[in-house]
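Reading through the structure tokens given below for one structure.
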Amino acid sequence: MDKKRILVIEDEQQLVKAIKIRLEYSGYEVLIAGDGQEGLDKVCQENPDLILLDAMMPKMDGYHVCGSLKADSRYNKIPIIMLTAKAQEEDKMLGEKVGADAYIAKPFDHKILLGKIKKLLTA
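Okay, so the sequence shown: first residue is 9 according to my numbering, each after it adds one.
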């Protein structure tokens, strides 16, 4: 069985390392992009099975990235989990508005994240 590929679009390198280790340990292939524009480019090149997306990043924020992908018929079926320190209700509503499939506030429990990933990949 092929490994599911997860693209992590996040500019905080320590968090990227921690997420990458946990995802690989759980049997996923991990792709990484350090900003929103690089993330969009990687989606086009790699067509991942799921995307973990930070909201606040250089070049292009996560809301714009999510909205762009969900508006594109080639990529709108890819589940997107927004990971962000922006945990206000209006932030979550914006995430829903642009099409995020889940919204997890930082800091987060890795077990909750892995459970959400598994649920979205088997839906």
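Beta carbons: idealized from backbone N, C-alpha and C, even for Gly.
Practice problem: Return the chain-ordered list of same chain residues with a C-beta closer than 6 Å to the C-beta of A113, the five sequence neighbours on each side being excluded. | Solution: A95
(request) Round the Cβ separation of V38 and I14 to the nearest angstrom and send it over; I've been treating them as touching at under 8 Å. (result) 6 Å
Thinking C-alpha only, which one of D69, K127, G47, I40 is nearest Y83? Nearest of D69, K127, G47, I40 to Y83, Cα basis: G47.
**Report entry** Assigned exposure category for G70 - 16 Cβ within 10 Å defines buried
**Finding:** buried
query = Would you report the Cα separation of L91 and Q53, rounded to the nearest angstrom?
reply = Roughly 22 Å between the two C-alpha positions.
Q.
When you compare the CB positions of A110 and I89, do they come within less than 8 Å of one another, or not?
A. yes
* What are the start and end residues of the alpha helix (DSSP H) that includes R13? -> From DSSP, R13 is part of no alpha helix (DSSP H) but of the beta strand (DSSP E) over 13-17.
Review point. Out of curiosity, what's the CA-to-CA distance linking C74 and L58?
Key: Straight-line Cα distance between these residues: approximately 12 Å.
Taking 8 Å as the cut-off, decide whether the C-beta atoms of L60 and I27 are in contact.
-> yes
Check your understanding: Counting along the chain, where does the beta strand (DSSP E) carrying M90 start and finish?
Key -> 88-92
Going along the chain, which unbroken runs of the beta strand (DSSP E) with 3 or more residues stay wholly within the segment 37-109?
37-41, 58-62, 88-92
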